[in-house]
Each structure stands twice: as C-alpha cells, then as structure tokens.
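Heads up, the thing below is written out as structure tokens.
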Amino acid sequence: MSTETGIPRTLPTLRRRAEFLAVAATGKKWVTPGLILQIGKADNAPVHPRFGLTATKKIGNAVTRNRARRRLRALAQQMLRQHAVPRDYVLIARFDTATRDFETLRKDLTTALRKTGCWHD
RNA sequence: UCAGAUGGCCGGAUGACCGCUUUUUAAUCUUGAUUAAGGGGAGGAAAGUCCGGGCUCCAGGGGAAAUGGGUGCCGGAUAACGUCCGGCAAGGGUAACCUUAGGGACAGUGCCACAGAAAACAGACUACCUGCCCGCAAGGGUCGGAAAAGGUGAAAAGGUGCGGUAAGAGCGCACCGCGUCGGCGGCAACGGCGACGGCAUGGCAAACCCCACCCGGAGCAAAACCGAAUAGGAAUCACACAGUCCGGUUGUAAAACCGGGCGCGGCUUUCUCCGCCGGUGGUUCGGGUUGGUUGCACGAGGUGUCCGGUAACGGGCAUCCCAGAUGAAUGGUCAUCGCCUGCUUUGCAGGUACAGAACCCGGCUUAUAGGCCGUCUGACUUU
RNA sequence: UGGGGGAUCGUCUAACGGUAGGACAACAGAUUCUGACUCUGUUUAUCGUGGUUCGAGUCCACGUCCCCCAG
C-alpha cells in the first residue's frame, strides 16, 4: 500500500457523492481557464492527498468528457503527489480542458495550488 | 472522357517514457495482498432504444374469452422479427435503376370545407327539342322527349372519333378502359388469350371499422448466494373464518395427534382444468439495508475452404479464443511517418470525421472527414 | 439503466383534417402640460425532415430538445 516515502504510488480517489458535496461545501476554490480546483477542509484532512474528478454534460458528449477526465487524472497523479499538502481536492473540467495544451494545463494547476496556499515543494 | 446508377470494404501507422484494468506463471508473507515477467484491453455505428430472441423472476403447465397492441401483395429464409432474399402490381426515369403501411369501399357507420345545379338511392334547377294552345310579333304556357351543354372543384356517374336523331343518348360501330365467364402458364401474387356484356362499382380505411395472422407481465439496478446491522414488529379497518367424513396411533373414556377425501379462501384481467399454498388485502406508526461473490462472456461466435440454393441462407471440414469496468479501466506526454488542402513548391502552415462497451445476440434508424475495389447505364470522341 | 409524457407568437393558453383565435407584453397613434390608467390599430407562432390526403397544428414514420417516475 505504501512505499518508503509514505505516499502511495497512485493517489486514492473520492468515490461517494457525500464526499464531493463536503468538498464543495467549504467554498474554497480557484478558477483557471483550463480547470476549477476545489479544496476540502483542513481539520478532517486525510493522511495523503486525495482527489476527485468532475466532467459535466455541459462540456460535451461522452468522448469529450472521457478525454477531459483522463487528462485531469494524469495531471493530478503527476502534480498532487509531489506538490500538494494532504487535503481532499476536486478537479472540475471546463470547455477547454480536452483541447488545451498540456503544459498550459500544468501551469493552471500550479497557479491554483499556489494561490490557495496548498503548494509545497 | 464526362454524367449517372448500384454493391462491397477501410475508417490512420510506428517508437520512447510514465501509468490503469484484467489474466497466466513464479516468489514472498500478514491467505489476499505485494513484487517480477508474459498475454489481452472500444465501434461501424459501441449511439437512438424503434422491433425480434435468449436468460432471470412472477411456483409450473394446458384451454377459452375479453380488452389492448402490432403486422398486412405473393412465395421463401430465419431461433424470431416490423428484418432479409426472390417475384408481382402501380408510379417515376432515355436507361442502368429507384420508390411504395400495396388486404377489404357490395358488412356497417362516418367525412368530402369553399365553390358549384348537383359531392353520391342520382335526381331537382338553368338551358335544349317535337307537338299543341295563346300572341301580329318578340315571347309565354303546356303534354311529352332526353340527360349531350351549364364558367365550379382535388374529384362530376366511361373516354375519343364516326354514324344516327326533332333534339339527343352505348342508341349503333371502331379503338382504349372496365366488368363477367371460360380455358392456358405460374406453388402463388398475377399474366396473357378468347368469348360475352353495353358501363354497372366516385374518393378517403396513416377515419371508425371488418378480415387474416401474431403477442402473458416485468426486467441483469432481473435474480441467486455470503457477510454485517436491525427486526423477527405494533395499532386499526375490511373480507373470509367451515367444517365434515373415513382410516390409523395414544387412551378405560372424553379427547388429542397424524394421513387422506369432499368443501372454503388465495395463486397474472376474467373463466376453467391439473397442480400448489393456507388466512388475505388496505391505511398509519416504528425500525433497517445500499458491502462482496455469482449472473459475466465458448457464443444462433470469428476466420478459411468445399458443397447445395437465382438469392437471403443452410450444411460439411479445418482452425482460433478475441474487452469485462463498477465515481466506472482500455490512457497521458513527446517524436517520426502516412492522407487531404493551401502556398513563399522539394519544404512550411493548417486539417485528419461521427463517436466511448455495461447481460448477450439478430436487425432497423440516425450521425460520419476522407479513401479503396468492383458491376452496370447514357452521351461524346477516336480506332 | 428502464418506463411514461410533452413541444403552438417574447410569455400563458385555445383550435371536428378545411382562413391558426384570445389574454398579457412590444410598437404606433389618440387622450394629458407630462407620465400612469383608458381607447384604437399594427407586428410576431404550429420543434425539424419526409409521407398519407384534394388539403395536415391535428394522422403516420424518423430525428432534436425538455419534463416526470422507479431505483
């Protein structure tokens, strides 16, 4: 389950509707053109960062939603494991998520983490 | 060469790094996890959910009826179909070919607005014609004849031509259409031939309907099992409360228990037969669950080949195993090359469709950049 | 995932298969010193594509969008 660094190789994900609602209820979020980041409360934070993904029907059909979700997941596995304090995170896909350049998307998430104070090196 | 018609197929490729899921083998231990190596991992429509079937439950099976729904030329294919194949008819096109919910209008009911004399028992109106009467005449009246003319309308009671007549009329004739009968070809739809009739039966059934055939309902969030937790409910109302006979066991007896028959109640809308079960149904209150496994991928399966059949399709043989997620995997990034378009033409820029399995299969419908391979028709040119 | 229902002016709602009507709104005019109220007039619609029919908002097929129910 864990390596010598203590952080799992793949981050656990949010699964229950109640968990998503709890993250959204804090109201703490940052909006960038590529994605929206929501952050859960600090008092009941988990040991390691967890994340959930949301792609609504508004951004396109099933193929577009799948592609946006997969890019966000790949991004989250890369970034959150190294550069995020342990919290619950929810990443919401926007119109440009499926087509935006991946480096720009990475900068979007970096900016969101820094602005919300969840960044660490 | 140009313009068309039609059938089938494909629907990007390779590599590197980092991942996800499933499976096989091996190792480790905490016996269900980790690690390592290897294999598999979205479509022609996976879509819409419009039909058909498998499978599961409603305990199971048979018959009848009602209600409701569907299909509708004929023959065949199929597990089945509203699908497919072949044929017929009608319509369109120079043609290849395409389109068609294409049974019944003499079973009955209904509708045909406006216009028009009339919209369906044909008969009334205007107008026409011979005779008679009135009148100088124009014209009027009347006994009859006849249904050819009447601006409409989507549609007007066979059409065109000739004869015929006082005027006309299938009144007669020719051709076309229609109907009836006969025999011929075809399994049939239907076709064509001959004779006769002398025109009858307007349209709408994607209006109600009639006829023929088909259909029980719900759906994998079906359903089964394991585990945890809680409960093995309470109140009230309605309905039914039916028992009896026979046999056996215990017993002194009364009686109790067991089995069977008849009866009562329930078992998909109703009835009924076999069968099964023994209280049923409604309302209110209270309590609880949302984990895992199976179902779940060897199938009306794919590929190749041979045989039968015009074809749809069927059969034989060989060979292959080819997705299985559950906040839901099948990917992310980079590079190179295809293909298309444009140009500053040997390189740069832009583009590369529609779209994501969720129990499975057969179809239909809809979306789709671009490309490939046939077959056929018409026109033009050359030989 | 399965089942059911619907779509008519900008909004709400009518309409036997036969000229798509009404209310509110908008616009113009009248009234008023100006505005409101009131009166008169005008504009605007059958979800899309095909089919049946002489003729479809209505009947049929396919598609698009929306709503409801089960869980």
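Residue numbers (this note's numbering): 3 to 123.
For every residue, glycine included, the Cβ atom is placed at its ideal position computed from N, Cα and C.
Quiz prompt | Rounded separation between Ile94 and Ala26 - CA only | solution = Within the first sequence, residue 94 is the residue found at index 92, counting from 1. Within the first sequence, residue 26 is the residue found at index 24, counting from 1. Spanning the two alpha carbons is a distance of roughly 11 Å.
Quiz prompt | 8 Å contact criterion, which Leu13 and Phe22 should meet: CB distance rounded | solution = Counted from its first residue, the first sequence places residue 13 at position 11. Counted from its first residue, the first sequence places residue 22 at position 20. No, Leu13 and Phe22 are not in contact; Cβ-Cβ is about 16 Å, not under 8 Å.
Self-check item: Ala95 (DSSP reduced to helix, strand or coil)
Solution: Translated into positions along the first sequence, residue 95 becomes position 93. It is a strand residue.
Practice problem: Note down the Cα distance separating Ala57 from Arg96, rounded to an integer number of angstroms. | Solution: Against the first sequence, residue 57 aligns to sequence position 55. Against the first sequence, residue 96 aligns to sequence position 94. Looking at the two C-alpha atoms, the distance is approximately 8 Å.
Quiz item: Going along the chain, which residues of its own chain have a beta-carbon closer than 8 Å to the beta-carbon of Ala86, five neighbours each way excluded?
Solution: Stepping through the first sequence from its first residue, residue 86 is reached at position 84. Closer than 8 Å at Cβ, skipping near neighbours: Pro51, Leu115, Cys120, Trp121, His122.
Quiz item: Is DSSP giving Val25 helix, strand or coil here?
Solution: Looking up residue 25 in the first sequence gives position 23. Three-state result, Val25: helix.
Self-check item: Residues near Lys59 in its chain [Cβ-Cβ closer than 8 Å; skip 5 each side]
Solution: As a position in the first sequence, residue 59 is number 57, starting the count at 1. So the list reads Arg67, once near-sequence residues are dropped.
Quiz prompt | Where Val87 sits in the DSSP three-state scheme | solution = Within the first sequence, numbered from 1, the residue matching residue 87 stands at position 85. Val87 falls in the coil class under three-state DSSP.
Quiz prompt | As assigned by DSSP and simplified to three states, the class of Arg52 | solution = Here the question's residue 52 lines up with position 50 in the first sequence. Arg52 sits in a strand when the DSSP states are folded into three classes.
Quiz prompt | Leu115: first and last residue of the uninterrupted alpha helix (DSSP H) it sits in | solution = Reading the first sequence from its first residue, position 113 is the one you call residue 115. Run containing Leu115: 104-117, per the alpha helix (DSSP H) assignment.
Quiz item: By Cβ distance, which residues of its chain are closer than 6 Å to Met3, with the 5 residues on each side in sequence left out?
Solution: One-based indexing of the first sequence puts residue 3 at position 1. Summary for Met3: the model assigns pLDDT 32, below 50, so the residue's position carries little reliability; its value from the coordinates is reported in the next sentence. Here the set comprises nothing.
Exercise. Go ahead and pull the three-state DSSP assignment for Thr66.
Key: Position 64 of the first sequence, counting from 1, holds the residue named residue 66. Three-state result, Thr66: helix.
Self-check item: Rounded C-alpha distance that separates Thr5 from Ile38
Solution: Within the first sequence, the letter at position 3 stands for residue 5. Within the first sequence, the letter at position 36 stands for residue 38. Any reading at Thr5 must be qualified, since the residue scores a pLDDT of 34, below 50, and its modelled position is unreliable; the value itself is stated next. Going by the C-alpha atoms only, they are around 30 Å apart.
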